[in-house]
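A.B. asks: The structure that follows is given in the form of structure tokens.
Put into structure tokens, the structure is as follows:
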């Protein structure tokens, strides 16, 4: 039986590769990849895609969440972004330091039909980075102050985008 950490790693890798494999603008067919991805299944029936490139010292894991901008209720624009952003909000300085020590970079965004969380780290730190991120995501920081701060940030981004479009 796989440990929960290994299952999480595999789930995250399948998400990343699924996104890459299904991008419409991709000009390279999967059969032309130097190291083709493998389709595997977990004991619970969940299918995932895994690809390992031993030439890179960096591992990238992408979590895809089937919930994006078009799933937001009317009047709740930004909910997908806000929820995804709160899911990876680092709750304390210790976890910030852990991620920095592990050379881990976090990014996220919300697109029209999905949201994603991107975790990049040195391959040698993958287990530790995923363990730290799992702790953060299992106990998300949904405080009123944090929500208000992210809403203000979203409004500034929206205003900046509107200014740039002129």
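Residue numbers (full-length UniProt numbering): 1 to 166.
Just so you know, even glycine gets a beta-carbon here, dropped at the ideal spot from N, CA and C.
Got a sec? Which residues, its chain only, sit under 7 Å from residue 84 by beta carbon, not counting five neighbours each side?
C.D. replies: As a working mapping, residue 84 is identified with position 84 in the chain shown. Closer than 7 Å at the Cβ level, and outside the excluded window around residue 84, lie 65, 108, 110, 115 and 117.
A.B. asks: Can you tell me the Cβ-Cβ gap for residue 88 and residue 136, rounded? I've got them flagged as a contact below 8 Å.
C.D. replies: Indexing the chain shown from 1 puts residue 88 at position 88. Indexing the chain shown from 1 puts residue 136 at position 136. Sure, about 6 Å apart at Cβ, within 8 Å.
A.B. asks: Skipping 5 residues on each side, what residues in its chain have a beta carbon closer than 7 Å to that of residue 59?
C.D. replies: On the chain shown, residue 59 is found 59 positions in, with the first residue counted as 1. Once the five neighbours on either side are set aside, the close Cβ partners of residue 59 are 121, 123 and 126.
A.B. asks: Can you tell me the Cα-Cα spacing of residue 77 and residue 152, whole angstroms?
C.D. replies: Position 77 of the chain shown, counted from the first residue, corresponds to residue 77. Position 152 of the chain shown, counted from the first residue, corresponds to residue 152. So the alpha carbons of these two residues sit roughly 14 Å apart.
A.B. asks: Less than 8 Å between the beta carbons of residue 133 and residue 81, yes or no?
C.D. replies: Within the chain shown, numbered from 1, the residue matching residue 133 stands at position 133. Within the chain shown, numbered from 1, the residue matching residue 81 stands at position 81. Against a cut-off of 8 Å, the Cβ pair of residue 81 and residue 133 comes out as no contact.
A.B. asks: With DSSP as the reference, label residue 81 as helix, strand or coil.
C.D. replies: Start at 1 with the first residue of the chain shown, and residue 81 comes out as number 81. DSSP places residue 81 in helix when its eight states are reduced to three.
A.B. asks: Please classify residue 54 as buried or exposed, where buried requires at least 16 other C-beta atoms within 10 Å of its C-beta.
C.D. replies: Here residue 54 corresponds to residue number 54 of the chain shown, with the count starting at 1. So residue 54 ends up on the exposed side.
A.B. asks: Considering Cα atoms alone, identify which of 149, 102, 73 and 143 is closest to residue 131.
C.D. replies: As a first step, residue 131 must be located in the chain shown, where it is residue number 131. Nearest option by C-alpha distance: 102.
A.B. asks: Quick one, which of 72, 96, 112 and 90 has its alpha-carbon nearest residue 146's?
C.D. replies: Along the chain shown, one-based indexing puts residue 146 at 146. When each option's Cα is compared against that of residue 146, the closest is 90.
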